[in-house]
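A.B. asks: Mind looking over this structure? Questions follow.
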Amino acid sequence: METYNDVFEKRLSVRAERFDVDAIAEYDLFLSIGEDAFRFAVIDASTKQCLYLEDYAFFKKLSKEELIAVLNRIYENHLFLKANYWNNIRAAFRNTPFTLVPNELFDSKANRKYLRWISPPLPNEEVCATPQQVIDAHTLFKAPKELVLWLENIAYPSRQVQFSHAVCSFLEGIFKYDYNATPVQFHVAVEANQFFIAVTQGSTLEYCNMFQYRTAQDFIYYLLFVIDELKRDPATCHVNFLGQINRQSKVYDIAYRYIKHLHFHERPALGITFDHNFDNVPSYQYFNLLAMHLL
977 METYNDVFEK RLSVRAERFD VDAIAEYDLF LSIGEDAFRF AVIDASTKQC
1027 LYLEDYAFFK KLSKEELIAV LNRIYENHLF LKANYWNNIR AAFRNTPFTL
1077 VPNELFDSKA NRKYLRWISP PLPNEEVCAT PQQVIDAHTL FKAPKELVLW
1127 LENIAYPSRQ VQFSHAVCSF LEGIFKYDYN ATPVQFHVAV EANQFFIAVT
1177 QGSTLEYCNM FQYRTAQDFI YYLLFVIDEL KRDPATCHVN FLGQINRQSK
1227 VYDIAYRYIK HLHFHERPAL GITFDHNFDN VPSYQYFNLL AMHLL
């Protein structure tokens, strides 16, 4: 790991053999931005091969101003990240509030109203909408205006940046991936202090939410709360773990005490290929990032 002034560290950097910095115009760039980490993936637009993956962890929760300062530092010292000739660029925010609106009720002129009931948008916050074909709905979410402007005017002034929420690729990815034959699935994408949970039955989304947590006890409380609300039995329901979790994690250990059918999927079938340099990378930990190519 590389550490920079006790502010952040580079946790992961993996490059495929055929990555060519001179071929960036043929690659799609996917950015995942949060208060606790910044990640990006480079995927060949035609072959759908993952060519580059990097993960930067922050040592504390950053304010918007601190986050932009850290991103400036990362970009200034990076060989190719700030190139302005990518095929496509999509940035996803991980920590902002969101809601899902069925297409039959969606009105693009009412974006700010949809969020008013869960988290009223402030003047310095953009409200964005991403169509979700797999659930016939739109995801509405807040995006910090300062970050949007930084990406559009500083990082990539000559390219159009598409914006989404991490939950968008999470939903697209879990419907793409056929986990197993059980009728009801609990999908949990874990981050350091939050997790997404989506409950599916066949092609139907029954539940979707995001929870903040501080301890493993908080985590299991919210997870069991959702299971109970949906009148399911923790002893029989199947939970698929994704994101920043492994079998040594405290949240996994406490979850296993209550839920016996816990699953990890080392290579989710997201329509992406990897070369041998990625053999030791558990791609389920970067599920939401890698699934962005499905949007």
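Here this note's numbering is used: the first residue of the sequence shown is 977, the next is one more, and so on. Ideal Cβ placement from N, Cα and C applies to all residues, glycine included.
(1) Check for me: the alpha helix (DSSP H) holding LYS1121 runs from which residue to which?
(2) Going straight from the alpha carbon of ILE1050 to that of LEU1057, what length do you get?
(3) Check whether the Cβ atoms of ILE1130 and TRP1062 sit closer than 8 Å, and answer yes or no.
(4) Run the CB neighbour count on PHE1212, radius 10 Å, all protein chains shown included, and call it buried at 16 or more, exposed below.
(5) With a threshold of 8 Å on Cβ separation, who are the neighbours of ILE1111 within its own chain once the five nearest residues in sequence on each side are excluded?
(6) Going by C-alpha distance, which of VAL1124, ASN1222 and PRO1099 is nearest SER1008?
(7) State the Cα-Cα distance for the pair ARG1235 and HIS1141, rounded to the nearest angstrom.
(8) Suppose contacts are defined by Cβ-Cβ distances below 8 Å. Is GLU1128 in contact with GLY1010 by that definition?
(9) What does a CB cutoff of less than 8 Å around TYR1003 pick up in its chain, not counting 5 residues either side in sequence?
(10) Which value, in whole angstroms, describes the spacing of the CA atoms of PRO1078 and LEU1038?
(11) Indicate whether ARG1088 and PRO1097 have their beta-carbon atoms separated by less than 8 Å.
(12) Helix, strand or coil: which one does DSSP assign to ASN1185?
(13) Would you tell me roughly how many angstroms separate the C-alpha atoms of TYR1189 and VAL1143, rounded to the nearest one?
(14) Taking 8 Å as the threshold (C-beta atoms), are PHE1162 and LEU1218 in contact?
(15) Using a Cβ-Cβ cut-off of 7 Å (strictly less than) and excluding sequence neighbours within five positions of TYR1232, which residues of its own chain qualify?
(16) Taking the alpha-carbon of ALA1245 as reference, which of ALA1267, LYS1226 and VAL1257 has the nearest alpha-carbon?
(17) Within its chain, find whatever has a CB closer than 8 Å to the CB of CYS1184; leave out the 5 residues flanking it on each side and keep chain order.
(18) My output table needs one value for GLN1109: the three-state DSSP class, helix, strand or coil.
(19) If you draw a straight line from the alpha carbon of PRO1133 to that of ILE1221, how long is it in whole angstroms?
(20) Using a Cβ-Cβ cutoff of less than 7 Å, which residues in the same chain neighbour LEU1265 once the five nearest sequence positions on both sides are dropped?
(21) Report the rounded CA-to-CA distance for ALA1165 versus GLU1041, giving the unit in angstroms.
(22) How many whole angstroms separate the CB atoms of ARG1135 and ASN1048, which I take to be in contact at a CB cut-off of 8 Å?
(23) Tell me, to the nearest whole angstrom, how far the beta carbon of PHE1035 is from that of ASP996; I am working on the premise that it is less than 8 Å.
(24) Mind checking who GLN1138 pairs with in its DSSP beta bridge?
(25) Assign ILE1273 to one of two classes, buried (16 or more other C-beta atoms within 10 Å of its C-beta) or exposed (fewer than that).
(26) Measure how close the beta-carbons of HIS1114 and PRO1120 come, nearest whole angstrom, since I'm counting them as under 8 Å.
(27) Under the DSSP definition of a beta bridge, which residues are partnered with GLN1161?
(28) Using CA coordinates, which residue listed in LYS986, GLU1101, ALA1067 and GLU1122 is at the minimum distance from ALA1045?
(29) Based on the DSSP secondary-structure assignment, which residues constitute the bridge partners of ALA1192?
(30) Considering only C-alpha positions, which residue in the set ARG1066, ARG1223 and GLU1102 is nearest to HIS1269?
(31) Can you give me the C-alpha to C-alpha distance between HIS1252 and LEU1091, rounded to a whole angstrom?
C.D. replies: Reading off the structure:
(1) It spans 1121-1125 - the alpha helix (DSSP H) in which LYS1121 sits, taken as one unbroken run.
(2) In this structure, the alpha-carbon of ILE1050 lies about 9 Å from that of LEU1057.
(3) No, they are not a contact pair.
(4) According to the sequence displayed, residue 1212 carries Thr and not Phe. Label assigned to THR1212: exposed.
(5) Beyond the five residues adjoining it in sequence on each side, ILE1111 comes within less than 8 Å, by CB distance, of LEU1076, LEU1147, PHE1151 and LEU1181 in the same chain, given in chain order.
(6) Ranked by Cα distance from SER1008, the options VAL1124, ASN1222 and PRO1099 are led by VAL1124.
(7) The identity of residue 1235 in the sequence shown is Ile, whereas the question assumes Arg. Pairing ILE1235 with HIS1141, the inter-Cα distance amounts to about 29 Å.
(8) A distance of 8 Å or more separates the beta carbons of GLU1128 and GLY1010.
(9) VAL1018, ILE1019, ASP1020, ALA1021, LEU1027, TRP1062 and ASN1063.
(10) Going by the C-alpha atoms only, they are around 33 Å apart.
(11) Their beta carbons are under 8 Å apart, which means ARG1088 touches PRO1097 by this criterion.
(12) For ASN1185, the three-state secondary structure derived from DSSP is strand.
(13) Their Cα atoms are separated by approximately 17 Å.
(14) At the C-beta level, LEU1218 and PHE1162 stay beyond 8 Å of one another.
(15) Cβ within range, chain order: LEU1238.
(16) Residue ALA1267 is the option with its Cα nearest to ALA1245.
(17) The answer, listed in chain order, is LEU1076, VAL1143, LEU1147, PHE1172, ILE1173, ALA1174 and VAL1175.
(18) DSSP places GLN1109 in the helix class (H, G or I) of the three-state scheme.
(19) Cα to Cα, the separation comes out at about 36 Å.
(20) Excluding sequence neighbours, LEU1265 sits near PHE1006, SER1008, ARG1015 and ALA1017.
(21) Between the C-alpha atoms of ALA1165 and GLU1041 there is a straight-line separation of about 27 Å.
(22) So it is not a contact: roughly 18 Å between Cβ atoms.
(23) That pair is no contact at about 34 Å.
(24) Answer is ARG1066, bridged to GLN1138.
(25) Coverage of the chain is limited to positions 977 through 1271, which leaves residue 1273 absent and any answer about it impossible.
(26) The pair is not a contact, with the Cβ atoms about 20 Å apart (cut-off 8 Å).
(27) GLN1161 is bridged to THR1176 and HIS1214.
(28) Measuring C-alpha to C-alpha distances from ALA1045 to each of LYS986, GLU1101, ALA1067 and GLU1122 identifies GLU1122 as the nearest.
(29) As computed with DSSP, ALA1192 is found in no beta bridge at all.
(30) In this structure, ARG1066 is the residue among ARG1066, ARG1223 and GLU1102 with its C-alpha nearest to the C-alpha of HIS1269.
(31) In a straight line, the C-alpha of HIS1252 is about 44 Å away from that of LEU1091.
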